[in-house]
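See structure below.
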Ligand code: AMP
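Numbering (my numbering), first residue to last: -5 to 182.
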């Protein structure tokens, strides 16, 4: 059972790579952003609750995210592995993830981070805004998402470094080049 966290700021290419990794290894891809966007577009009570927070580029509460992840694990108990994309994003979520996995006698196997400089990130996200029309890809929301990342998510780097499972890869190059580097790091 391999539990991989793909880590990095918004726009680093986690989503694209997570899909490819899941296909290659037969693991389940979990994107909390996709899960939340689907709730919003279906207009569910959860979706109504989180829509504004997401559109503004802020983080949804730890409590809701942990509930979502609990049901993901319950609903996928037969999965060979997970690629987590966009979770955890706070120290609280990281600690809770460890506790959740422990209940299933599992743990986070590896955290692979994609690093991309900030100017390139903003360029990529705004391009995606044009292509996909994501509401949280507006300039103001993008700024907020990067602030949230630096403030809440970056501290996880030390958390996972201390656990000895963190590895950083440079996220600039073709999709295939980065994918090859990720696979090498996964197999190592
Ligand atoms: P993403 O597609 O991963 O960039 O997520 C889009 C938005 O969903 C984020 O800007 C947050 O508002 C929300 N979101 C996704 N994952 C999380 C998380 N782990 N914790 C808090 N909010 C999240």
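Just so you know, even glycine gets a beta-carbon here, dropped at the ideal spot from N, CA and C.
Checklist entry - So which of 171, 129, 149 has the shortest CA-CA distance to residue 47? => result Out of 171, 129, 149, 129 has the C-alpha closest to the C-alpha of residue 47.
Next on the checklist: Checking 8 Å against the spacing of the C-beta atoms, do residue 102 and residue -1 come in under that value?
Outcome noted: yes
Item to check | Same chain only: Cβ atoms within 7 Å of residue 82, ignoring 5 sequence neighbours per side | outcome: Non-local C-beta neighbours of residue 82 in its own chain, meaning closer than 7 Å and more than five positions away in sequence, comprise 88, 91, 150, ordered along the chain.
Next on the checklist: Relative to the C-alpha of residue 165, which candidate in 173, 143, 53 has its C-alpha closest?
Outcome noted: 173
Item to check | residue 59, buried or exposed, once every other Cβ within 10 Å from all chains shown has been counted against 16 | outcome: Within a 10 Å sphere around the beta-carbon of residue 59 sit 16 or more other beta-carbons, which makes this residue buried.
Checklist entry - Helix or strand or just coil, what does DSSP make of residue 135? => result helix
Item to check | 8 Å contact criterion, which residue 180 and residue 104 should meet: CB distance rounded | outcome: 7 Å
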